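Asker: Next up is a structure, given as structure tokens.
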């Protein structure tokens, strides 16, 4: 059985795109996050989504959603670390 957990990084401030939520931007008439989830789902046992805004929208996809708070803004880097720490089920092998 595959016990890998996938982590979708949908955080970030979107500064280069005027602050928009990139994961919810349409690509070929579908939010980009849908494309990611579609490709990731067959490869992993569980999926977590790290999002800094619109968490209720991401939650509609049926996966746990979390963010990380830093200086009043929810950001991705600490979130992905937390996601990995919270979801690791397979021990890391040395060497």
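Numbering (the numbering used here), first residue to last: 249 to 343. A virtual CB, placed ideally from N, CA and C, is assigned to each residue, including glycine. Just so we're clear, the structure is a prediction, and the values are computed from it rather than from any experiment.
1) Which residue's Cα is closest to the Cα of residue 300: 250, 288, 268, 253?
2) Indicate the three-state DSSP secondary structure (helix, strand or coil) for residue 254 in the structure shown.
3) Of the residues 279, 304, 298, 303, which one's Cα is nearest the Cα of residue 345?
4) At what residues does the beta strand (DSSP E) containing residue 299 begin and finish?
5) Throw me the rounded Cβ distance for the residue 256 and residue 284 pair, which I believe falls under 8 Å.
Answerer: Judging by the given coordinates:
1) Start at 1 with the first residue of the chain shown, and residue 300 comes out as number 52. The shortest Cα separation from residue 300 among 250, 288, 268, 253 belongs to 268.
2) Position 6 of the chain shown holds residue 254. Strand, per DSSP.
3) As displayed, the chain neither begins before 249 nor continues past 343, which places residue 345 out of reach and without an answer.
4) Here residue 299 is taken as the residue at index 51 of the chain shown, counted from 1. Where residue 299 is concerned, the enclosing beta strand (DSSP E) stretches over 294–299.
5) Counting from one through the chain shown, the residue named residue 256 turns up at place 8. Counting from one through the chain shown, the residue named residue 284 turns up at place 36. About 6 Å; that satisfies the 8 Å criterion.
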